[in-house]
């Protein structure tokens, strides 16, 4: 199946597209091991959710759960037996409700870890001076974009409190991503296409910010 | 469809080739999000132009506009409904007229941003001491090649003034690329094959110059 | 043939899966030249073993030997003539017996060499502060994980003594990998799917630890 | 067409294999623009030679010339019209005669340029302390391997004198590669499979040596 942004997504094509994004991101090492996750909208306002504990590049359209963004309840089991819904379920639901997001990705890319390392004691990363900021909804290339950074916790559901706090923080109202220290990032959008665009753009922004900080670190020594 | 430089390109095959280059460049992270762009020649001297706001690796041959390089007028809509021509339209037209270019690419690769960072206050990047310079039309490996660097502006059409200035500057008469600070690069050639060769060569030259400068920065500390 | 973790592996599909992993790892430069290796379980408790001296991305399902994990004896020759079993045979057998591993990979990735370089005089690498630790069986993200590092020797079978020592060392009871200085890593799991997950996770952990140490090295200079 | 090291290569399959290696190396950025080159043996002792000025990943089996290693004479034109034999012709012939090589590659990888930069005033790069040295014919992992480095010149045929000198130098009798400063590397073997193995191994050795020198450069500052 090939995709085209001009074609409306359906309950038949959305899981295909979600699975193809996981394959692409696995090839880029943004999800690996069995880490990472993704969800996208059903036609009736719920979420297709990838299973947990599965090599993400091998997830098939039949492996997606349908869950409610209101409470995470499983509304439809996947055709494939023996799967459990992603541990991201609670977090994805929170982001869906708080930000009207219908598609959310969870990345484990090395660049997300290194970007969070940059902030040290602060609670957010500032990204500025990059045209690619225009790839984030609502931003221009002259904006200073603040991405909140929260601490990691042993279990993903426990991240909910930290996430809820920064999603409520007016300083971060323009962010479509949250960095989790030592861990990764949650990145979302309204629909799978916007989520995909934001995922690619934020990874670029994280890589560029890390690379520039490296250079300034060296410059500062001279 | 497979391509071969020995086969003349036609109005049927050029959009296929342009779409395949976008797929290759997306895989290399030279275009991502929905950024980047490309155009190539029609048989009657106009330009096939990719649409804006679309994930570039998913652009299909039917998605290309035909525009006039003289004034950017849309001469033919794509078969696909609902698309808008790339914001690069004005810039591509300017480069086409000033440099007799019939194929132009717009890259958002990280290496273009880091290469522009190197020049700091200057208005161009000097590239020297690399055999790959011979991949640029008219250059030998003993040339010092000057690539102009212009400042970024909030909207791509506003880059036109800066571009017009450096395209007129005799110091840059041998350049087939312009770097835009914090943004990316425009790279062109006479025909799609030369544009493709220049795109690959300039990305190598930018990466090599950045890597060597890193090393000298460290050496200077000892 | 496509694979899915939900389908039980058989003597027909296991060699297909092992061959597909070698292709993926070759594309990532984790095995190259003719280096690297892999084994996985037969249905009757023996090991499918890749041949030596062969470009690993070209290994076909018919090229696998069946060997005994007890003593390395070849129980079944591959259909393809003229092949010899991997030099990893003895080492894989040792790991299989000592750790109840049924699938073991041998990586030659650059990150394994650079990670082993970090430990200098010590006999292990400490990995901490990374969510991806949870991708290793039994670990949480707050654990400090110790991966033993042994010296390289001219012939792989001679590594057996060094490996036997660290596999016996209670400090490393939780490790599913051994780094060999200047050389690479052995990484294993219970079944091919766990071995694959551990391979991807350990490569991430090695890359992240190297990248962070680089940054601290620069910070320390300021 | 799929390849397997166990199948003897023929005049039908050798050009297919050479073309597939160029595609793989283009994806790795070891050849780009229209740079780089390759040759491999015909059944009657001559060389299949890729054309010049062509995007290397698009070279088709029908595009190869047959040339004499004795004097570079073109013995058979490719079926494709309008092609010229690679500028590497003279150099490949020299290496073929001096080293009994029947397959030779010319890489433009960034790692070859950075590796040559390391030697500064010296005439060779020393590579040591790497298991992957065993991937070079005749070497063990405790050898110190010397790869000669020669200066670049404006035209590839003019490199012949420099190459002839180092190919005659007994210090480099064990080398299957020559680095050309600011340019790239020639890497060869007896047959396409050995050349392929040497190409992958030398690129690893160059990358590892560059990465380790970076680290020592930083360490030296503390």
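Protein chains in written order, with our numbering: chain A, 149 to 370; chain B, 149 to 370; chain C, 149 to 370; chain D, 149 to 370.
Cβ coordinates follow ideal geometry from the N, Cα and C atoms, glycine included.
Beta-ladder partner(s) of residue i, from DSSP
i                     : result
residue 188 (chain B) : B:196
residue 332 (chain D) : D:328
residue 255 (chain D) : D:333
residue 273 (chain B) : B:295
residue 233 (chain B) : B:199
residue 340 (chain A) : Paired residue(s): none; residue 340 (chain A) is not in a bridge.
residue 213 (chain C) : C:197
residue 349 (chain D) : Answer is none; residue 349 (chain D) lacks a bridge partner.
residue 222 (chain C) : C:215
Distance between residue j and residue i (C-alpha atoms, nearest Å)
i                     : j                     : result
residue 269 (chain C) : residue 310 (chain C) : 16 Å
residue 267 (chain A) : residue 330 (chain B) : 21 Å
residue 369 (chain C) : residue 365 (chain B) : Residue placement at residue 369 (chain C) is flagged as unreliable, the pLDDT there being 49, under the threshold of 50; the coordinate-derived value follows with that caveat. If you take the alpha carbons of residue 369 (chain C) and residue 365 (chain B), they lie about 14 Å apart.
residue 216 (chain D) : residue 233 (chain D) : 12 Å
residue 238 (chain B) : residue 220 (chain B) : 6 Å
residue 281 (chain B) : residue 170 (chain B) : 24 Å
residue 242 (chain A) : residue 319 (chain A) : 18 Å
residue 156 (chain D) : residue 172 (chain C) : 25 Å
residue 246 (chain B) : residue 290 (chain A) : 29 Å
residue 179 (chain D) : residue 316 (chain A) : 50 Å
residue 285 (chain B) : residue 296 (chain B) : 17 Å
residue 158 (chain A) : residue 339 (chain A) : 12 Å
residue 314 (chain D) : residue 218 (chain D) : 19 Å
residue 343 (chain D) : residue 287 (chain B) : 31 Å
residue 357 (chain A) : residue 358 (chain B) : 15 Å
residue 277 (chain D) : residue 293 (chain C) : 26 Å
residue 283 (chain A) : residue 306 (chain B) : 18 Å
residue 205 (chain D) : residue 212 (chain D) : 13 Å
residue 200 (chain A) : residue 174 (chain B) : 28 Å
residue 363 (chain C) : residue 303 (chain A) : 28 Å
residue 279 (chain C) : residue 279 (chain B) : 44 Å
residue 193 (chain D) : residue 193 (chain B) : 48 Å
Heavy atom of the ligand SAH within 7 Å of residue i beta-carbon
i                     : result
residue 174 (chain D) : With respect to the ligand SAH, the structure shown offers nothing to examine, as it has no ligands at all.
Nearest-angstrom beta carbon gap, residue j and residue i [assumed within contact, 8 Å]
i                     : j                     : result
residue 325 (chain B) : residue 333 (chain B) : 5 Å
residue 263 (chain C) : residue 273 (chain C) : 6 Å
residue 195 (chain A) : residue 214 (chain A) : 7 Å
Proximal residues to residue i (C-beta, below 6 Å), its chain only, five neighbours per side dropped
i                     : result
residue 335 (chain D) : 253, 325, 346, 347 and 350
residue 341 (chain A) : 153
residue 185 (chain C) : 198, 234, 236 and 254
residue 361 (chain C) : 266
residue 300 (chain D) : 328, 329, 330 and 331
residue 151 (chain A) : 165
residue 240 (chain A) : 187 and 252
C-beta atoms of residue i and residue j nearer than 8 Å
i                     : j                     : result
residue 203 (chain D) : residue 190 (chain D) : no
residue 167 (chain C) : residue 207 (chain C) : yes
residue 275 (chain A) : residue 353 (chain A) : yes
residue 251 (chain B) : residue 188 (chain B) : yes
residue 374 (chain C) : residue 337 (chain C) : Residue 374 (chain C) is absent from the structure shown; chain C starts at 149 and stops at 370.
residue 298 (chain A) : residue 328 (chain A) : yes
Same chain only: Cβ atoms within 7 Å of residue i, ignoring 5 sequence neighbours per side
i                     : result
residue 210 (chain A) : 226, 227 and 228
residue 308 (chain C) : 238, 239 and 242
residue 355 (chain C) : 259
residue 271 (chain B) : 296 and 297
residue 160 (chain D) : none
Close-in-space but distant-in-sequence residues of the same chain around residue i (CB under 8 Å, 5 per side omitted)
i                     : result
residue 177 (chain A) : 257 and 258
residue 136 (chain D) : Because chain D spans 149 through 370 in this model, residue 136 (chain D) falls outside it and cannot be assessed.
#### Entry: Residues within the stretch 229-263 of chain A neighbouring chain F, beta-carbon criterion of under 9 Å
Absence of chain F from the displayed structure is noted, the protein chains being A, B, C and D.
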